[in-house]
Each structure stands twice: as C-alpha cells, then as structure tokens.
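Numbering (our numbering), first residue to last: 526 to 796.
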Amino acid sequence: MPLGGYLIVLAGICWREGLRFLNQRGRFLSALVRPLVWLFIFAAGFRSVLGVSIIPPYDTYVLYEVYVTPGLVAMIQLFNGLQSSLSMVYDREVGAMRILLVSPYPRWFLLVSKLVAGICVSLLQVYAFLAIAWFWEVELPPIGYFAVLPALLLTGLMLGAMGLLMSSVFRQMENFASVMNFVIFPMFFASSALYPLWRVQESSLVLWWICTLNPFTYAVELIRFALYGQFEPFSALVVAGCALVFLAASILAYDPSAGVMARRGGPETAR
C-alpha cells in the first residue's frame, strides 16, 4: 500500500476520534471532574494531614496539591486509555473498526492508529486540567509544560495499549466496564499518585512491593519529573518496556490467525 494511503487512514481515524470526543461533551467533563475533585476537595483536606518531604524532583517542601498533580494527570490518561479501548469493543463489533480490521491495511497499523488517536484526545484533557490547576495556584516551571509532552505520549501509549489488550478479550461493553473497576482503581491507588512510596513503605512493606511492581507508578514518576524539566531514565525504561509488551500482546490478540479472535471465532476472523 502507498505511504499516502497510510497517512490518510491515520488522519481519518484521528479525525473520527476527535469528532467523537467533541460530540461527547460529557466525556470531556467527566475526565476533568475526577481529577478536579481530588485537587479541590481531597487535596485541601489532606494538606494538613499528609506532609511531603523534600524528595526528587522537588527542591523544597511542597503542598499536597502540588505533589498530587502529576498523579492526577496520569489518572486522566489512565481513564482515557481504557475508555478509548471501551469504545473499541463497540467499534469492533458493529462500528467503523469492524470494516477497517478487514481492510488491506495491516492490523498492527490500524491498532497503532487507534492508540495515537486516543493519545491525542488525552493530551487535550491533560492540558485543560493543567490550565485549571494553574488558576488554583499549582504553578509548575514553564519548561515543564513542554517537557512533559514526550512523557505524556509514552505513558499514553502504555495505558492505551493495556486497554486495547483488555478489549480483545471482551465482546460486550458491560463486561469490559466491570473489569475496568478492578483495574483502574487498584492501579491508581497502589501507586505513587496520591502519596510518596516511602510513606507506603513505613506502613506496609507488602503494599510497597505492590506499588513498586505497578507500571502505573513509573508512569506517574515519569510525568512528575518531566513537569519539572527533568528526565527519569528508569521510569522511562519501565514505561517503554511495558508499552512494547502490551502493544505486541494486543497485536497478537487481534491477529485473526493466531490471537484471541481466532480462538473465539466470529466476524473478526474474516478477511
């Protein structure tokens, strides 16, 4: 297939995802309400209870709402990645992806295009949240708003690929939505999004090990350092490795000859 055809397909999938996002205003509001509730209400209540010591990338003591902001940014991407994959369950059965998956274009390219479209939507949500947080006096270094972009692309790829892998297992949105509750909240709470890991280690060594094995923890830390113009190589390596594993597993799962679709049968096996 010509290169121009690939670009047209990528642009078309991104454009369609953007139009869907604009038409679903409730999706945009819900994506902002969740982190804003934590920022405006919970952070205000925890400010006097949970103190944050001087830990990298911070050079001084910070307020709790400053510490929690990178975790809330990652939460937006987590919810968006799985919600975008939730739409894949519908599209794969009766939507546009049902047709695209049997087109001459490679499935890996179609799946990556779907991930790129979801990442673009999440970027709009993240920067809208950061703009509101700035008015709430959560002021980050100016360079951080630009330096965090590569980190957002990488973490969005990992979380989107994870959701895409999950979407390959389910045929009904109801089942997928129930599983989201068993994935999103454990990943979010068992991480460094809301509290530093040294505090977790002081209270429970088992929970600390769970947090350190949680890939979402490294997504949060990658974003946290990037917001202050710093690069955290170990977190970047973990996130990139998990993204590649999840993406490869998703491509294999959507392979009509070798993946989950082949074992399950149905319209996905058609060429």
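Every residue, glycine too, gets a C-beta built ideally from N, C-alpha and C.
Exposed unless 16 or more other CB atoms sit within 10 angstroms - verdict on residue i
| i | result |
| --- | --- |
| residue 642 | buried |
| residue 579 | exposed |
| residue 586 | exposed |
| residue 542 | buried |
| residue 760 | buried |
| residue 731 | exposed |
| residue 646 | buried |
| residue 638 | buried |
| residue 569 | exposed |
| residue 562 | exposed |
| residue 529 | exposed |
| residue 694 | exposed |
Integer-rounded CB distance, given that residue j should sit under 8 Å from residue i
| i | j | result |
| --- | --- | --- |
| residue 571 | residue 589 | 5 Å |
| residue 560 | residue 654 | 6 Å |
| residue 677 | residue 602 | 7 Å |
| residue 772 | residue 757 | Contact doesn't hold; Cβ gap of about 21 Å is too wide. |
| residue 719 | residue 593 | 6 Å |
| residue 659 | residue 564 | Rounded, the Cβ-Cβ distance is 11 Å, inconsistent with contact. |
| residue 671 | residue 713 | Contact doesn't hold; Cβ gap of about 26 Å is too wide. |
Sequence-distant residues of its chain with Cβ nearer than 7 Å to residue i (five each side left out)
| i | result |
| --- | --- |
| residue 733 | 722, 725, 726 |
| residue 668 | 754 |
| residue 752 | 595, 665, 669, 673 |
| residue 636 | 689, 775, 776, 779 |
| residue 686 | 640, 768, 771, 772, 775 |
| residue 745 | 595, 596, 599, 716, 717, 718 |
Residue i (DSSP reduced to helix, strand or coil)
| i | result |
| --- | --- |
| residue 587 | strand |
| residue 534 | helix |
| residue 631 | coil |
| residue 595 | helix |
| residue 791 | Here the model assigns residue 791 a pLDDT of 47, short of 50, so the residue's position is not dependable, and the following value carries that caveat. In the structure shown, residue 791 sits in coil (DSSP, three-state: anything other than H, G, I, E or B). |
| residue 582 | coil |
| residue 711 | helix |
| residue 560 | helix |
| residue 608 | helix |
| residue 549 | coil |
Contacts around residue i, its chain only, beta-carbon distance under 6 Å, and the 5 residues preceding and following it disregarded
| i | result |
| --- | --- |
| residue 657 | none |
| residue 728 | none |
| residue 683 | 764, 767, 768 |
| residue 681 | 602, 644, 647 |
Alpha helix (DSSP H) runs wholly inside the region 751-787, at least 4 long, in chain order: Restricting attention to alpha helix (DSSP H) runs no shorter than 4 residues, the region 751-787 encloses them at 758-778, ordered along the chain.
Every unbroken alpha helix (DSSP H) inside the region 715-740 [4 residues or more]: Listed in chain order, they are 722-728, 730-738.
Which runs of the alpha helix (DSSP H) at least 4 residues long sit entirely within the region 645-701? Give them in chain order. For the region 645-701, whole alpha helix (DSSP H) runs of length 4 or above, ordered along the chain, are 669-692.
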